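Written out below as structure tokens is the structure these notes cover.
There are 2 protein chains.
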Amino acid sequence: MARSATDRESAEKLWGMIKGVRIAMMTTLDENGILHSRPMATLPHAGFDDGTLWFFTRADSPKVHELQEHWRINLSYADPGDQNYVSVSGIAQLVRDQDKIRFLWRDILSTWFPKGPDDPEVALLKVTVDQAEYWDSPSSAMVYAYGY
Amino acid sequence: MARSATDRESAEKLWGMIKGVRIAMMTTLDENGILHSRPMATLPHAGFDDGTLWFFTRADSPKVHELQEHWRINLSYADPGDQNYVSVSGIAQLVRDQDKIRFLWRDILSTWFPKGPDDPEVALLKVTVDQAEYWDSPSSAMVYAYGY
Ligand SMILES: Cc1cc2nc3c(=O)[nH]c(=O)nc-3n(C[C@H](O)[C@H](O)[C@H](O)COP(=O)(O)O)c2cc1C
Numbered sequence: 001m002a003r004s005a006t007d008r009e010s011a012e013k014l015w016g017m018i019k020g021v022r023i024a025m026m027t028t029l030d031e032n033g034i035l036h037s038r039p040m041a042t043l044p045h046a047g048f049d050d051g052t053l054w055f056f057t058r059a060d061s062p063k064v065h066e067l068q069e070h071w072r073i074n075l076s077y078a079d080p081g082d083q084n085y086v087s088v089s090g091i092a093q094l095v096r097d098q099d100k101i102r103f104l105w106r107d108i109l110s111t112w113f114p115k116g117p118d119d120p121e122v123a124l125l126k127v128t129v130d131q132a133e134y135w136d137s138p139s140s141a142m143v144y145a146y147g148y
Numbered sequence: 001m002a003r004s005a006t007d008r009e010s011a012e013k014l015w016g017m018i019k020g021v022r023i024a025m026m027t028t029l030d031e032n033g034i035l036h037s038r039p040m041a042t043l044p045h046a047g048f049d050d051g052t053l054w055f056f057t058r059a060d061s062p063k064v065h066e067l068q069e070h071w072r073i074n075l076s077y078a079d080p081g082d083q084n085y086v087s088v089s090g091i092a093q094l095v096r097d098q099d100k101i102r103f104l105w106r107d108i109l110s111t112w113f114p115k116g117p118d119d120p121e122v123a124l125l126k127v128t129v130d131q132a133e134y135w136d137s138p139s140s141a142m143v144y145a146y147g148y
């Protein structure tokens with residue numbers, strides 16, 4: 001279904017803010033009801049055309065176990081210097097597709113994945129954005145950016 | 001119980017990073033299992049001596065309804081410029097104590113609470129830190145900072 005101009009505009013605004021901050025804090029719910037977050041590098045070259053965001057992850061990491069129990073996550077993008085804040089509520093999914101992994105791989109990722117893209121433990125996380133809000137000044141009321 | 005030197009040191013490191021970023025993204029779980037976050041200004045003058053963090057809030061806001069159902073929240077403090085990231089898992093509690101509200105009030109808060117500290121809708125959120133982790137460089141493995 002074609003998106004309206006407003007939807008396209010809000011998707012562009014959202015993606016611009018996300019690319020500007022780039023590192024998300026990804027929050028997951030564990031089996032005890034505790035919320036955990038950790039920094040995760042959004043892949044800018046994966047684009048946002050179909051409303052999805054992409055990350056590299058280790059397939060056996062605690063966050064993957066958590067999201068296999070509760071796949072609804074939050075991504076927050078905060079830049080206190082610029083007073084930009086984004087909240088994304090999304091659905092996360094582990095993707096083990098070697099072609100896609102090679103296509104999205106960049107050398108800078110070896111900081112977290114020293115064995116490179118062919119390590120069988122390296123996988124992708126696909127986050128389908130459900131709702132998102134953003135704030136772009138200290139006094140701004142929330143703006144419904146996307147998905148409402 | 002007295003804390004060990006290591007606990008005190010890690011609490012000091014944690015509090016230093018939190019004060020440096022100051023604006024948390026506070027993530028709550030709603031009744032449909034969706035995770036929402038929004039920027040919230042930590043009160044630096046409230047201190048961190050007893051392992052609690054303080055925020056002003058509107059008593060009738062969606063986040064308050066969400067945390068009354070599920071009081072376990074996450075606070076993330078991110079500064080992509082300095083590569084500082086903190087994740088706090090904590091328990092939130094609404095506090096309606098007029099003396100404490102007046103004591104913690106600062107004029108800058110009228111950006112969000114234009115009617116001032118005597119508005120009956122103004123309340124405090126107390127977050128008791130349960131566990132926290134921090135990362136202070138892109139390549140840093142997570143450090144168990146507190147509460148483990
Ligand atoms: C700036 C920064 C970016 C990071 N990006 C990623 C990433 O893209 N993928 C990843 O798996 N871990 C990344 N990490 C490490 C994670 O924050 C985390 O320590 C690791 O994924 C383990 O998380 P878990 O134990 O909660 O599963 C990054 C760390 C920092 C400091």
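Taken in sequence, the protein lines are chains A and B. So for the first sequence, UniProt numbering puts the first residue at 1; every next one is plus one. So for the second sequence, UniProt numbering puts the first residue at 1; every next one is plus one. All C-beta atoms in this analysis are idealised placements derived from N, C-alpha and C, irrespective of residue type, glycine included. Predicted model only: the values in this text are computed from it and were never measured.
Residue i, DSSP secondary structure in three states
{"i": "GLN98 of chain A", "result": "helix"}
{"i": "LYS126 of chain B", "result": "strand"}
{"i": "ASP107 of chain B", "result": "helix"}
{"i": "TRP68 of chain B", "result": "The identity of residue 68 of chain B in the sequence shown is Gln, whereas the question assumes Trp. Helix, per DSSP."}
{"i": "ASP79 of chain A", "result": "strand"}
{"i": "ALA14 of chain A", "result": "In the sequence as presented, Ala is not what sits at residue 14 of chain A; that position holds Leu. Correct three-state label for LEU14 of chain A: helix."}
{"i": "PRO44 of chain A", "result": "helix"}
{"i": "ARG3 of chain B", "result": "Confidence is the limiting factor: at ARG3 of chain B the pLDDT is only 45, short of 50, which leaves the residue's position unreliable, though a coordinate-based value still follows. Correct three-state label for ARG3 of chain B: coil."}
{"i": "GLU31 of chain B", "result": "coil"}
{"i": "GLY90 of chain B", "result": "strand"}
{"i": "TRP54 of chain A", "result": "strand"}
{"i": "ARG22 of chain B", "result": "coil"}
{"i": "GLU133 of chain A", "result": "strand"}
{"i": "PRO114 of chain A", "result": "coil"}
{"i": "PRO39 of chain A", "result": "strand"}
Cutoff 8 Å: residue i Cβ touching any chain B Cβ
{"i": "MET17 of chain A", "result": "no"}
{"i": "GLY81 of chain A", "result": "yes"}
{"i": "ARG22 of chain A", "result": "yes"}
Closer than 7 Å: residue i CB and nearest ligand 1 heavy atom
{"i": "LYS63 of chain A", "result": "yes"}
{"i": "THR57 of chain A", "result": "yes"}
{"i": "ALA41 of chain A", "result": "yes"}
{"i": "HIS36 of chain A", "result": "yes"}
{"i": "GLN131 of chain B", "result": "no"}
{"i": "PRO120 of chain A", "result": "no"}
{"i": "GLN83 of chain B", "result": "yes"}
{"i": "PRO138 of chain B", "result": "yes"}
{"i": "ILE23 of chain A", "result": "yes"}
{"i": "TRP135 of chain B", "result": "yes"}
{"i": "TRP105 of chain A", "result": "no"}
{"i": "TRP71 of chain A", "result": "no"}
{"i": "TRP54 of chain A", "result": "no"}
{"i": "TRP112 of chain A", "result": "yes"}
Contact with chain A by residue i, beta-carbon distance below 8 Å
{"i": "residue 149 of chain B", "result": "Past the edges of chain B, shown from 1 to 148, lies residue 149 of chain B, and the structure says nothing about it."}
{"i": "MET1 of chain B", "result": "Legend: pLDDT at MET1 of chain B = 39, less than 50; position of this residue unreliable, no value from coordinates given."}
{"i": "SER139 of chain B", "result": "yes"}
{"i": "ALA78 of chain B", "result": "yes"}
For this session: Using a Cβ-Cβ cut-off of less than 8 Å, give me the residues of the stretch 33-47 of chain B that come near chain A, in sequence order.
Result: GLY33, ILE34, LEU35, HIS36, SER37, ARG38 and PRO39
Problem set entry | Members of the stretch 106-130 of chain B near chain A, C-beta cut-off 8 Å | THR111, TRP112 and ASP130
Exercise. Mind listing which residues of the stretch 48-73 of chain B have their C-beta closer than 8 Å to chain A's C-betas, in chain order?
Worked result: HIS70, ARG72 and ILE73
For this session: Closer than 7 Å, Cβ to Cβ, to anything on chain B: give me those residues from the stretch 86-105 of chain A, in chain order.
Result: SER87 and SER89
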